[in-house]
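Top line first, the protein sequences correspond to chains Z and G.
Under this note's numbering, the first residue of the first sequence carries the number 1, and numbering increases by one thereafter.
Under this note's numbering, the first residue of the second sequence carries the number 313, and numbering increases by one thereafter.
Even for Gly, the Cβ is constructed at its ideal location relative to N, Cα and C.
Remember, predicted model here, so these are calculated numbers, not experimental data.
Inspection log for the structure reproduced underneath, given as structure tokens.
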Amino acid sequence: MQPKLKSKVRCTDREVGEVTKVIVDPLSHEVSHIVVGGNGAGTLERQVPMAQVQTVLEDAVQLRASSADLERFPLLKRDEYVTTKEVEIAHLEDHLHVEPGEVLVPLPELERNVKRRTFFANFTHAISLLVALPLAVPVLRYLMKPMYAPFDNHWIKIGNVGKIKTDDVGVQFKYKKKFKEAFMPEAEIDKNVWILKASPAVLGEVYKGKDMDFYDATGRLLWTNKANVPYVVYSGKCPHLGCGYKWRAHKVLGQVFLCPCHLSIYNAGGKVLDGPAPRPLDPLPIRVAANGDIEIIDMEFKAGTKAQVRIV
Amino acid sequence: MNGQPTAIEKIVAFVDERVGLKTLQAKMLNEPVPGGSRWAYVFGSVLLFIFIMQAATGILLMFYYVPSADHAYASTQYIIHEVDYGWFLLSYHFWGSSAMVVMVFAHMSQVFLWGAYKKPREMVWLVGLALFGIVMGFGFTGYLLPWDQRAYWATTVGVEIMDKTPIVGDFMARFLKGGPTPGQMTLSRFFVIHVMILPAALMGLAGLHVFFFRKAGPAGPFRGSSEELKAKTDYFFPRQIWKDMVAMGAVFFTICSLAFIEPVVLLEEATPDPGEYHPEPEWYFLFLFQLLRLKIFAGEFGQFLGAIALPGAFMALLAALPFIDRSPERNIFKRPIALVGWIIVMISIALFTVSAIINREFLD
């Protein structure tokens with residue numbers, strides 16, 4: 001039978017207190033010592049080896065020593081022990097039946113130097129940082145590789161003005177754009193722009209009487225849309241959040257550009273008539289050949305900003 | 313019966329002796345439920361069930377799906393039209409994601425109304441909010457993978473919205489898209505996020521969620537004296553598990569029915585020209601979509617307000633909730649602000665969703 005916590009402890013002559021703790025050998029899982037403490041406060045706790053225990057009863061432990069001899073046993077040095085709640089000892093419960101209370105196991109000799117433990121804890125952090133820090137930049141650069149692509153400023157032929165029959169009416173021009181992304185085979189993607197042959201009034205609304213300049217990423221002038229050329233091309237991307245808008249009849253506003261996503265409405269001059277769009281439609285560089293062929297530079301601007309910010 | 317243990321019993325005993333299987337099982341099942349089992353407590357278990365099914369169907373879909381801009385659409389069509397039961401597994405996965413969102417709303421509402429986010433369960437609530445974000449992330453990233461028009465445009469608009477975050481928005485949007493516009497890099501990134509990063513994050517956080525929940529213990533009903541609660545208390549097994557299982561069965565049946573009645577049909581392959589398609593997000597993002605149509609969220613600042621600030625502030629409010637609302641009162645009928653707040657949020661979401669649906673008709 002194992003000594004239980006709170007059991008009375010009797011010496012050969014008299015009762016001296018109770019079992020306040022038990023000490024367990026972490027390897028054999030056997031109780032090696034009992035800790036005897038007094039009933040009253042202030043009484044010292046002494047550790048008594050199991051060899052000194054004569055018999056273990058249901059609620060009491062009989063020692064071989066007399067109460068006077070008990071003084072010779074060492075005092076419990078609590079610092080040198082940890083409780084079984086703080087240390088993982090497999091299968092301890094299978095062998096131990098002393099609950100409830102504090103079951104102690106000795107802290108190994110090598111573990112008693114606190115400063116060294118702090119050093120090792122910091123050392124772990126240092127090594128972790130040494131591994132992580134040199135990786136941060138390569139990983140970030142690795143993931144950022146495709147984020148910023150140079151602009152493609154080639155002229156693309158997209159159709160002929162013969163398709164436009166009426167002034168100030170938006171006409172959609174669909175075209176294929178050659179597109180090569182990273183390792184992928186070159187592909188053609190469908191794109192579209194809206195072109196109108198603007199009356200002087202609408203043209204004035206688009207250009208405000210001034211020529212419109214387009215620059216490349218380095219600030220070099222690419223092209224100037226003359227304010228007196230009646231053909232105006234708008235990027236197919238809605239400046240609100242990037243959906244594709246349409247030329248539609250509106251009950252109140254008449255013929256307008258309407259985006260089905262968040263219901264932004266623009267007039268033929270690209271001006272916002274209604275809805276959440278932050279800026280007018282985006283005119284693109286356009287040139288019309290003598291035979292009516294239309295060429296544009298395909299550009300895309302960031303949606304949702306008041307200012308035009310080119311991204312493609 | 314001769315009293316001798318069977319071979320299986322011996323194996324179980326062998327394993328149990330070494331790893332403490334029975335203790336583990338007992339610990340898992342013998343959780344006291346204060347005030348007894350209830351149907352209101354099934355949502356967490358149901359979410360776990362839905363996630364396991366999403367993982368299983370998702371893994372099966374990956375046997376045929378190819379995450380590349382020139383094959384994603386064709387491989388998804390192949391799953392739908394050629395592979396035996398492919399249409400069913402894909403449709404189950406699709407409707408399962410909707411079920412997940414519905415159940416997350418139910419779960420959060422239950423916890424909110426029962427006042428179960430209050431001390432000492434703040435950590436459970438916070439991890440739960442992170443899980444809510446992950447579920448939304450799953451929906452958003454999964455939507456792109458079939459690479460049809462719906463996928464392409466929902467992503468285009470969704471990422472443009474993220475772009476409106478001050479200072480870091482442009483970087484975040486480009487980082488996520490892997491370039492200025494959606495393409496192969498976007499598909500690769502969304503695929504990795506959808507099948508690796510989010511599942512790992514969800515498993516880790518869900519484990520933490522349950523661990524914290526077990527540490528704090530179930531909250532129990534919000535009224536009744538401690539004697540009444542004690543008298544009605546039972547263990548997680550069997551009564552709560554039985555209710556959970558019935559709910560899982562019902563959810564499974566519902567998802568299967570939806571997969572049969574409304575199987576997934578793809579639109580045209582993704583392209584930057586929307587054609588006649590009117591872009592629209594998945595139904596659980598419709599209210600946000602409709603919100604951004606409002607005049608007060610017009611312009612650059614308005615857009616930031618509607619797309620970033622408002623949802624951000626709402627999430628921040630939810631996160632701060634257990635720290636603002638410190639009163640120990642859990643009875644929802646004695647927390648008028650909480651009750652009215654919940655009703656307003658639910659009605660607003662419902663109204664915005666319905667008006668987005670009504671708006672569809674005017675566009676055709």
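Best match in the options for proximity to residue i [C-alpha to C-alpha]
| i | options | result |
| --- | --- | --- |
| residue 310 of chain Z | Z:284, Z:292, Z:294, Z:289 | Z:284 |
| residue 671 of chain G | G:591, G:467, G:494, G:321 | G:591 |
| residue 347 of chain G | G:537, G:655, G:576 | G:537 |
| residue 471 of chain G | G:455, G:488, G:459 | G:488 |
| residue 572 of chain G | G:644, G:406, G:315 | G:406 |
| residue 109 of chain Z | Z:91, Z:45, Z:77 | Z:77 |
| residue 170 of chain Z | Z:192, Z:149, Z:187 | Z:192 |
| residue 64 of chain Z | Z:179, Z:13, Z:74, Z:290 | Z:13 |
| residue 600 of chain G | G:568, G:563, G:462, G:667 | G:667 |
| residue 416 of chain G | G:502, G:402, G:440, G:513 | G:440 |
| residue 180 of chain Z | G:342, G:382, G:408, G:539 | G:382 |
| residue 209 of chain Z | Z:278, Z:230, Z:154, Z:243 | Z:230 |
| residue 162 of chain Z | Z:148, Z:152, Z:197, Z:135 | Z:197 |
| residue 288 of chain Z | Z:254, Z:269, Z:164, Z:273 | Z:164 |
| residue 50 of chain Z | Z:5, Z:22, Z:201 | Z:22 |
| residue 44 of chain Z | Z:71, Z:276, Z:299, Z:3 | Z:71 |
| residue 219 of chain Z | Z:151, Z:9, Z:160, Z:135 | Z:151 |
| residue 339 of chain G | G:474, G:384, G:564, G:526 | G:526 |
Per-residue DSSP class, three states only, for residue i
| i | result |
| --- | --- |
| residue 426 of chain G | coil |
| residue 223 of chain Z | strand |
| residue 505 of chain G | helix |
| residue 376 of chain G | coil |
| residue 303 of chain Z | coil |
| residue 357 of chain G | helix |
| residue 234 of chain Z | strand |
| residue 73 of chain Z | coil |
| residue 125 of chain Z | helix |
| residue 397 of chain G | coil |
| residue 91 of chain Z | coil |
| residue 564 of chain G | helix |
| residue 262 of chain Z | coil |
| residue 117 of chain Z | helix |
| residue 141 of chain Z | helix |
| residue 594 of chain G | coil |
| residue 459 of chain G | coil |
| residue 250 of chain Z | strand |
| residue 344 of chain G | strand |
| residue 82 of chain Z | strand |
| residue 328 of chain G | helix |
| residue 244 of chain Z | strand |
| residue 151 of chain Z | coil |
Alpha carbon of residue i to alpha carbon of residue j, nearest angstrom
| i | j | result |
| --- | --- | --- |
| residue 41 of chain Z | residue 547 of chain G | Unreliable placement is indicated for residue 41 of chain Z, whose pLDDT of 46 sits below 50; the coordinate value is still reported in the next sentence. Roughly 41 Å between the two C-alpha positions. |
| residue 111 of chain Z | residue 117 of chain Z | 8 Å |
| residue 52 of chain Z | residue 429 of chain G | 55 Å |
| residue 263 of chain Z | residue 248 of chain Z | 12 Å |
| residue 94 of chain Z | residue 325 of chain G | 15 Å |
| residue 352 of chain G | residue 86 of chain Z | 38 Å |
| residue 174 of chain Z | residue 195 of chain Z | 11 Å |
| residue 224 of chain Z | residue 366 of chain G | 54 Å |
| residue 354 of chain G | residue 380 of chain G | 39 Å |
| residue 221 of chain Z | residue 177 of chain Z | 23 Å |
| residue 32 of chain Z | residue 80 of chain Z | 15 Å |
| residue 556 of chain G | residue 655 of chain G | 26 Å |
| residue 660 of chain G | residue 519 of chain G | 33 Å |
| residue 414 of chain G | residue 570 of chain G | 14 Å |
| residue 54 of chain Z | residue 330 of chain G | 34 Å |
| residue 305 of chain Z | residue 477 of chain G | 12 Å |
| residue 398 of chain G | residue 391 of chain G | 5 Å |
| residue 299 of chain Z | residue 481 of chain G | 21 Å |
Distance between beta carbons of residue j and residue i, contact taken as under 8 Å
| i | j | result |
| --- | --- | --- |
| residue 291 of chain Z | residue 216 of chain Z | No, residue 291 of chain Z and residue 216 of chain Z are not in contact; Cβ-Cβ is about 28 Å, not under 8 Å. |
| residue 611 of chain G | residue 239 of chain Z | Contact flag wrong, Cβ pair sits at about 11 Å. |
| residue 528 of chain G | residue 436 of chain G | 6 Å |
| residue 499 of chain G | residue 459 of chain G | 7 Å |
| residue 585 of chain G | residue 236 of chain Z | 7 Å |
| residue 442 of chain G | residue 359 of chain G | 14 Å between Cβ atoms; not a contact. |
Alpha helix (DSSP H) runs contained entirely in the region 10-56 of chain Z, provided each spans 4 or more residues | none
Identify every run of the alpha helix (DSSP H) within the region 461-505 of chain G, keeping only runs that are complete inside it and at least 4 residues long; order them along the chain. 461-474, 481-489, 496-504
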